[in-house]
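Residue numbers (this note's numbering), protein chains in the order written: chain A, -19 to 184; chain B, -19 to 184; chain C, -19 to 184; chain D, -19 to 184. Note that the Cβ used here is the ideal one computed from N, Cα and C, for glycine as well. Some notes on the structure that comes next.
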DNA sequence: AATGAATGAGTGTTCATTCAT
DNA sequence: AATGAATGAACACTCATTCAT
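Given below as structure tokens:
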């Protein structure tokens, strides 16, 4: 990837400029969607000329790819912190779920993520990236489910994979709920999501 | 509304042509996304000149709106058949879930629905339509949860609403799972989705 | 011209149909202008299918050409009636002017004529027709100015031609006045047009 | 209003470019008419890409509006110079008329103005602008007719308004004469226009 | 490093015209 | 004689991208 973009004599300044673009672009994609957000708008939001953006990103597509990469990093941190917390998994998860729900119900994040997911159907590169990060997330979750702290550690792997898919679906589905029920609150959801999560983390 | 579309002296032929367009458009939107699918491409897929499409739809937007309307009808039929089946709700639902899962995991439908959901962020009319149909679906589901056949009929309405949001999220999330785990099968999902659904349809 | 249009076994019926189209087209051109009036609209106004119009006119241009031809005929009738009325020319003209003014100030006719005049710049055939009819009108007017009943019959022809050009300009200019001063009434104009006309029909 | 057109850091260059477009557009409208002159053609004439024009004008309509605005400015200058010249109005006017006649008989200007007048029937904004500038011109002319230098200063206002309408009609009508009698010269017209103008500027 | 002027291919849409029926 | 379904070239306009400065 490095070879695709210009060399920048002052790497710190360059990185700051790159960040400016990413932040501005995420903001625009969120508000308008990927295709309706123009480079002109992004450049204005980033406080930079349109031409200059191309010194940091080879194309508009490269921008959304970079945003996805950033989100991958953030997500891994979430998993790491999950693993770091003490106590039985089921309690840690249910306690932590509230935060995850808030995250999925944040309208700004939700529409950006839906946008990226829709892009998956058209853009093989984005599809590949999103599938890769999702596969890694499931793998990490699997490790957690098979750890000592889990109530289901002895179950067959295929069953655990099913649990993971459904848990992920439940959380991912909140992105869609946010879009269709904009008034939905995290607390309201947790009333039912907690018990469902308990069921999915206990032996059937 | 009548005045917006040309009168067609031969309604059968016209309806067939309309369907041709809808089918072709759904196909293109699925493969390319709403914005990247051009009218030229849709017209070629439909075996018709670009200009002629405008005898049946006033705009590209009107096409996706018609597709959504068709899906609304289909969805209401699903609810009707759900209500028509005898037995306790929990059994009917869990038995019927498999079919619903298959539906959500159909790659063609999944990417089209995601596309429409993403469009929600840019297009207020589409947002309105999707939210309206979703609200009706939740209302119908509420009626079912409060019927005699339900194990949770006495629970407070707010709690039932939470259950509904989570159940819907779980199913909607399968659209996203399909995109990220294209190999996911309905059977594999059902292993964990069944128990989760049982939990969500029983008193906590 | 006959060879350009289909033979019609029943010429009366055909002529009636042609008239229907001309009337409808004049109406549409008036309201929308030549370029903004579509064949679809004209056909609807004429109570006839778009395709059928092409049995009577080879193109949209042919329709406006036919309208111009009709107006030529009407205009010659005006000159004939002018010559037929008894009395000194100056009185006949000033008395008859009021009617001519009304005609020029009729908003329906005014916009159609302006439309045709504008078309002159783009369409050589229309330009030719309009110039031809105007030349004939000036020639007839010249004959009147040189008749016994005229106060200026002895003046040099070039001077008479100047008078004609200015008189015609004054009337033609009312088309433009109508457009720019839609409230202008025939009576109001006559207050000043009468004296000007007297000056133009008397020795300088 | 500022927000409607891009900011141009180099206003001189931008103004030059704008002028290039206006000149090219006036030329194309004149030759082809407003609707038949395509943006592609205008851009080619202006030596600029079609897209770039939209950095200076928000739409094709905005171009013709700008042309009209320019002509308004020019016309006001004519009135100002008329008021500035010394002597009795009737002499000033008749002397100055020749210039006005030349202007109206310039084929390039004539067809462009007719084009704009025809557009009036379809485009309310253009109609409004042209009527506004015409109303102002008549108002200024009224002030002149009521000044000390006028032979008709004591006449009733309604009568003066009639005079103005007829004088304006006579000049406007030259636009149409130019179209129908392309060979007409300013000198030939003045032979009769002078006396008519004298009549219109003297008590009846 | 940074600008923004400039490009041109591509978009959704319209409409005069044709032709099978 | 008459229909209206069907065409496709043309249009105004947008926008990712390039490049001279």
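Check your understanding: Using the C-alpha atoms, what's the distance from residue 81/B back to residue 61/B?
Key -> The sequence position of residue 61/B within the second chain is 81, counting from 1. The sequence position of residue 81/B within the second chain is 101, counting from 1. Whole-angstrom Cα-Cα distance: 16 Å.
**Study point:** Test: residue -19/D CB closer than 8 Å to a CB of chain C
**Key:** Position 1 of the fourth chain, counting from 1, holds the residue named residue -19/D. Residue confidence is low: residue -19/D scores 38 on pLDDT, short of 50, so the model does not pin down where it sits. Its coordinate-derived value is still stated next. Using beta-carbon distances, residue -19/D does not count as an interface residue toward chain C, since no partner is under 8 Å.
Review point. Cα separation between residue 2/A and residue 47/A?
Key: On the first chain, residue 2/A is found 22 positions in, with the first residue counted as 1. On the first chain, residue 47/A is found 67 positions in, with the first residue counted as 1. Pairing residue 2/A with residue 47/A, the inter-Cα distance amounts to about 6 Å.
Exercise for review: For residue 60/A, return the contacting residues in chain B, with the cut-off set at a CB-CB distance below 9 Å.
Suggested key: By one-based count along the first chain, residue 60/A stands at place 80. Simply none; closest approach about 21 Å.
Point to revise | Whole runs of the beta strand (DSSP E) within the stretch 102 to 136 of chain C, excluding any shorter than 3 residues | key: The qualifying runs do not exist here; there are none.
Practice item. Taking residue 39/D as the reference, give the member of -14/D, 163/D and 90/D with the closest Cα. Key: Here residue 39/D corresponds to residue number 59 of the fourth chain, with the count starting at 1. If we check each option's Cα against that of residue 39/D, -14/D comes out closest.
Check your understanding: Using 8 Å as the limit for Cβ to Cβ distance, is residue 25/B near chain A?
Key -> Indexing the second chain from 1 puts residue 25/B at position 45. Not one chain A Cβ lies under 8 Å of residue 25/B.
Point to revise | Closest residue to residue 12/B among 152/B, 93/B, -11/B and 100/B (Cα-Cα distance) | key: Here residue 12/B refers to the residue found at position 32 of the second chain. Nearest to residue 12/B by C-alpha distance, out of 152/B, 93/B, -11/B and 100/B, is 93/B.
Review point. What is the DSSP secondary structure of residue -19/D, counted as helix, strand or coil?
Key: As a position in the fourth chain, residue -19/D is number 1, starting the count at 1. The pLDDT assigned to residue -19/D is 38, lower than 50, so where the model puts this residue is not dependable, and the model offers no usable value.
Exercise for review: Quick one: residues in its chain with C-beta nearer than 7 Å to the C-beta of residue 25/A, no 5 flanking neighbours on either side, listed in chain order?
Suggested key: Along the first chain, read from residue 1 onward, the residue named residue 25/A stands at position 45. 4, 7 and 8.
Review point. So what's residue 63/C in DSSP terms, helix, strand or just coil?
Key: Within the third chain, numbered from 1, the residue matching residue 63/C stands at position 83. Collapsing the DSSP output to three states places residue 63/C in a helix.
Practice item. Identify which residue in 167/D, 101/D, 45/D and 131/D has its Cα closest to the Cα of residue 85/D. Key: If you number the fourth chain from 1, residue 85/D lands on position 105. When only C-alpha atoms are compared, the closest one is 167/D.
Exercise for review: Determine the DSSP secondary structure at residue 185/B, reduced to helix, strand or coil.
Suggested key: Since the displayed chain B opens at -19 and closes at 184, residue 185/B lies outside it and no answer follows.
Review point. Do residue 142/D and residue 171/C have their C-beta atoms within less than 8 Å of each other?
Key: As a working mapping, residue 142/D is identified with position 162 in the fourth chain. As a working mapping, residue 171/C is identified with position 191 in the third chain. Contact flag set, yes.
Review point. Using a beta-carbon distance below 8 Å, is residue 114/A in contact with chain B?
Key: Locating residue 114/A in the first chain gives position 134, where the first residue counts as 1. Chain B, which has a Cβ nearer than 8 Å to the Cβ of residue 114/A, makes this yes.
Review point. What's the call for residue -2/D, buried or exposed, on a 16-neighbour Cβ count within 10 Å?
Key: Counting from 1 along the fourth chain, the entry for residue -2/D is found at position 18. Classification of residue -2/D: buried, given that the 10 Å Cβ count is 16 or more.
Check your understanding: Just reading off the alpha helix (DSSP H) that residue 78/B is part of, what are its end residues?
Key -> Your numbering for residue 78/B matches position 98 in the second chain. Element bounds for residue 78/B: 69 to 85.
Exercise for review: Below 8 Å CB to CB, which residues in the same chain sit around residue 165/D once its five sequence neighbours on both sides are set aside?
Suggested key: Counting from 1 along the fourth chain, the entry for residue 165/D is found at position 185. Counting only residues of its own chain and dropping the five nearest sequence neighbours on each side, residue 165/D has a CB closer than 8 Å to the CB of 85.
Practice item. Could you check the C-alpha separation between residue 184/C and residue 118/D for me, to the nearest Å? Key: Taking the third chain and counting its residues from 1, one reaches residue 184/C at position 204. Taking the fourth chain and counting its residues from 1, one reaches residue 118/D at position 138. Rounded to the nearest whole angstrom, the CA to CA distance from residue 184/C to residue 118/D is 28 Å.
Exercise for review: Please report how far the alpha carbon of residue 110/A lies from the alpha carbon of residue 58/B, in whole angstroms.
Suggested key: Looking up residue 110/A in the first chain gives position 130. Looking up residue 58/B in the second chain gives position 78. Between the C-alpha atoms of residue 110/A and residue 58/B there is a straight-line separation of about 32 Å.
Practice item. Counting only runs of 4+ residues fully inside the stretch -4 to 62 of chain A, write out the alpha helix (DSSP H) ranges in chain order. Key: Taking only runs of at least 4 residues, the alpha helix (DSSP H) segments lying wholly in the stretch -4 to 62 of chain A are 19 to 26 and 30 to 33.
Check your understanding: Does DSSP put residue 141/C in a helix, a strand or coil?
Key -> As a position in the third chain, residue 141/C is number 161, starting the count at 1. Here residue 141/C sits in helix by DSSP.
Review point. Would residue 67/C count as contacting chain D if we go by Cβ distances under 8 Å?
Key: Walking along the third chain from the start, residue 67/C turns up at place 87. Answer no: the Cβ-Cβ gap between residue 67/C and chain D never drops below 8 Å.
Exercise for review: Would you mind telling me which residues of chain C sit closer than 8 Å to residue 85/D, beta carbon to beta carbon, in chain order?
Suggested key: Sequence index remark: in the fourth chain, residue 85/D carries index 105 (1-based). Residues of chain C passing the Cβ test: none, with the nearest at roughly 10 Å.
Review point. In chain order, what residues of the same chain have a beta carbon less than 7 Å from the beta carbon of residue 20/C, not counting five sequence neighbours either side?
Key: Taking the first residue of the third chain as position 1, residue 20/C is located at position 40. These residues qualify, in order along the chain: 30.
Point to revise | Simplified DSSP assignment, three categories, for residue 175/A | key: As a first step, residue 175/A is located in the first chain; it is residue number 195 there, counting from the start. When secondary structure is reduced to three states using DSSP, residue 175/A falls in the helix class.
Point to revise | Residue closest to residue 181/B, alpha-carbon to alpha-carbon, out of 129/B, 116/B and 103/B | key: Sequence index remark: in the second chain, residue 181/B carries index 201 (1-based). Measuring from the Cα of residue 181/B, the nearest candidate turns out to be 129/B.
Exercise for review: Leaving out five residues on either side along the sequence, give the residues of the same chain with a beta carbon under 7 Å from the beta carbon of residue 78/C.
Suggested key: Within the third chain, residue 78/C is the residue found at index 98, counting from 1. Exclusion of the five residues before and after residue 78/C leaves 166 and 170 as the residues of its chain whose Cβ lies within less than 7 Å of its Cβ.
Review point. Using Cβ-Cβ distances below 7 Å, what residues of the stretch 166 to 179 of chain C are close to chain D?
Key: Considering only beta carbons, the part of the stretch 166 to 179 of chain C lying closer than 7 Å to chain D consists of 168, 169, 171, 172, 173, 175, 176 and 179, in chain order.
**Study point:** Closest by C-alpha distance to residue 88/D, when choosing among 155/D, 45/D and 16/D
**Key:** Along the fourth chain, read from residue 1 onward, the residue named residue 88/D stands at position 108. If we check each option's Cα against that of residue 88/D, 155/D comes out closest.
Point to revise | 8 Å Cβ cutoff, residue 132/A in contact with chain B | key: Indexing the first chain from 1 puts residue 132/A at position 152. It does not; no Cβ of chain B falls within 8 Å.
Review point. How many Å lie between residue 76/C and residue 108/D at the Cα?
Key: Walking along the third chain from the start, residue 76/C turns up at place 96. Walking along the fourth chain from the start, residue 108/D turns up at place 128. Cα to Cα, residue 76/C sits roughly 33 Å from residue 108/D.
Check your understanding: Distance, Cα to Cα, residue 27/B vs residue 0/B?
Key -> Residue numbering aside, residue 27/B sits at position 47 when the second chain is read from its first letter. Residue numbering aside, residue 0/B sits at position 20 when the second chain is read from its first letter. When rounded, the separation of the alpha-carbon atoms in residue 27/B and residue 0/B is 8 Å.
Practice item. Could you tell me how far apart the beta carbons of residue 33/B and residue 96/B are, in whole angstroms, since I believe they sit closer than 8 Å? Key: Here residue 33/B refers to the residue found at position 53 when the second chain is read from its first residue. Here residue 96/B refers to the residue found at position 116 when the second chain is read from its first residue. With 8 Å as the limit, residue 33/B and residue 96/B do not qualify as a contact, their Cβ atoms being about 19 Å apart.
Point to revise | 8 Å Cβ cutoff, residue 5/D in contact with chain C | key: The residue you call residue 5/D lines up with position 25 of the fourth chain. Residue 5/D is outside the set of residues whose beta carbon lies under 8 Å from a beta carbon in chain C.
Review point. Who are the neighbours of residue 13/C on chain D, taking C-beta pairs under 7 Å?
Key: Taking the first residue of the third chain as 1, we reach residue 13/C at position 33. Simply 98, 101 and 102.
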